[in-house]
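Undergrad: At position 173 of the sequence shown the residue is numbered 172 (numbering that gives the first Met the number 0), and the sequence of numbers has no breaks. Cβ coordinates follow ideal geometry from the N, Cα and C atoms, glycine included.
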Amino acid sequence: MESPPRMSFKDVLTVPASALSAKQILVMSLALVAAFLVYDLFAYLALAVQGNDLGVSFRAYGFFPFDQVVITSRAARIVFWLGGAASVLVVMLGFLAVSIINIEAIRGNRFMSPREAIRFALKRLPQVLMAELSIGLFVLFIVVLMFLLGLVSRIPVVGEWLYVILFALPNFVIAILSVFIIFVFTLTVLLLPAVAAADRRGETFSAILETFSTIILQPVRWAGYTVYSIVAAKVCGFVFAYFTFRAVQFLTWSTSLGGGERLTRLVKSGLAHLPVNADIVRETFNLLP
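(1) Note the first and the last residue of the continuous alpha helix (DSSP H) segment covering Pro307.
(2) Can you give me the C-alpha to C-alpha distance between Leu31 and Val97, rounded to a whole angstrom?
(3) Is it a yes or a no for the stretch 19 to 36 touching the stretch 116 to 130, going by three-plus beta-carbon pairs under 8 Å?
(4) Return the chain-ordered list of same chain residues with a C-beta closer than 7 Å to the C-beta of Val188, the five sequence neighbours on each side being excluded.
(5) Taking the alpha-carbon positions, what's the Trp221 to Ile214 distance?
(6) What are the start and end residues of the alpha helix (DSSP H) that includes Asn101?
(7) Excluding the 5 residues flanking Phe79 on each side, which residues of the same chain have their C-beta closer than 8 Å to its C-beta?
(8) May I have the straight-line CA-CA distance separating Asp52 from Ala59, to the nearest angstrom?
(9) If you drop the 5 nearest sequence neighbours on each side, which residues of the same chain put their C-beta closer than 6 Å to that of Gly93?
(10) Under a three-way DSSP split, which group does Arg58 fall into?
(11) According to DSSP, is Met129 helix, strand or coil?
(12) Where Val11 and Ala130 are concerned, what is the direct C-alpha to C-alpha distance, given to the nearest angstrom?
(13) Beta-carbon within less than 8 Å of Glu159's beta-carbon, same chain only, minus the 5 sequence neighbours each way: which residues are those?
(14) Compute the Euclidean distance between the alpha carbons of Phe239 and Thr263, then round it to the nearest angstrom.
(15) Just verifying my parser: in three-state terms, what is the DSSP assignment at Asp198?
(16) I'd like to check one pair, Gly61 with Pro274: are the Cβ atoms closer than 9 Å?
(17) So, are the CB atoms of Asn108 and Gln23 less than 9 Å apart?
(18) Have a look at Ala271, Ala74 and Trp252 and flag the residue whose alpha-carbon is nearest the alpha-carbon of Ile50.
(19) Work out the CA separation of Leu139 and Leu165 for me, nearest whole Å.
(20) Tell me whether Asn276 sits in a helix, a strand or coil according to DSSP, three-state version.
(21) Give the straight-line distance between the Cα atoms of Met0 and Arg106, rounded to the nearest whole angstrom.
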């Protein structure tokens, strides 16, 4: 291990600098594009299941069917939410690939290629997927138990007494633990990929255990690191967006010197497809959403 971590806030302060890596930006950009394609595919598939004309839907929603998509059919909603979950999973694989690049650098391997990182993330896909499904199914199991308790409470006289007697112990305790599990489940999008990348054996139970242990054993440190990461990501996102805009501007200007004004019109027509007025875009690029 050439650069062992100091196990302090100094490690986190250096994250923006270490994130400024071409291969990490490439890996995460590919993951975001892949996640968008998955979401797009399922969104239009849901509209097709609903019976909408895809040509009309595309003219209405364009390449970015985000919050303005109207889904009324139950089957279409299921397809739509499956697509959303699949796109989030692809983003998590991007986080996983970036995490393994950094973990290998800590271990002394600074030359891990983007292809190797992506291959590692795809190899760990079953681990991440099974960990998410395990937590989700456990929450669903608790909901089924509570549903059965609700059915028992319908028994005349006895049912309501059983509900009252079991309300505090164990039902309230189970409910508290369930809320905590749901809270951790929402955080696994950020935390689970890093845990899975650090796990050498790729075991599902180990990933779940370490994810919960991180929040239970070091809640203050984890919360502080997360808050700083969100702020740093916002600031660095603005910087990256600015340089991206200037790069497109420079590319358009320099190529139009030889290609003429038609290239400028071509780029503008392409940028017109960006959903600048969508709520999700405004909230993403707003400093205080």
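TA: Let me spell this out:
(1) Past the boundaries of the shown model lies residue 307; the chain is included only from 0 to 288, so the question cannot be answered.
(2) 12 Å
(3) yes
(4) Contacts found: Val87 and Met91.
(5) 7 Å
(6) Arg73 to Arg106
(7) Answer for Phe79: Phe41, Ala42, Ala45, Val68 and Ile70, listed in chain order.
(8) 11 Å
(9) Excluding residues within five positions, the ones whose Cβ falls inside 6 Å are Met27 and Ala30.
(10) DSSP places Arg58 in helix when its eight states are reduced to three.
(11) helix
(12) 26 Å
(13) If we look at Glu159 and ignore the five residues flanking it on each side, its Cβ neighbours are Ser152.
(14) Straight-line measurement puts the Cα of Thr263 at about 22 Å from the Cα of Phe239.
(15) coil
(16) yes
(17) no
(18) With the sequence shown as reference, residue 50 is identified as Gly, and Ile is not the correct amino acid for it. Closest by alpha carbon: Ala74.
(19) Spanning the two alpha carbons is a distance of roughly 20 Å.
(20) coil
(21) Residue confidence is low: Met0 scores 48 on pLDDT, short of 50, so the model does not pin down where it sits. Its coordinate-derived value is still stated next. Looking at the two C-alpha atoms, the distance is approximately 4 Å.
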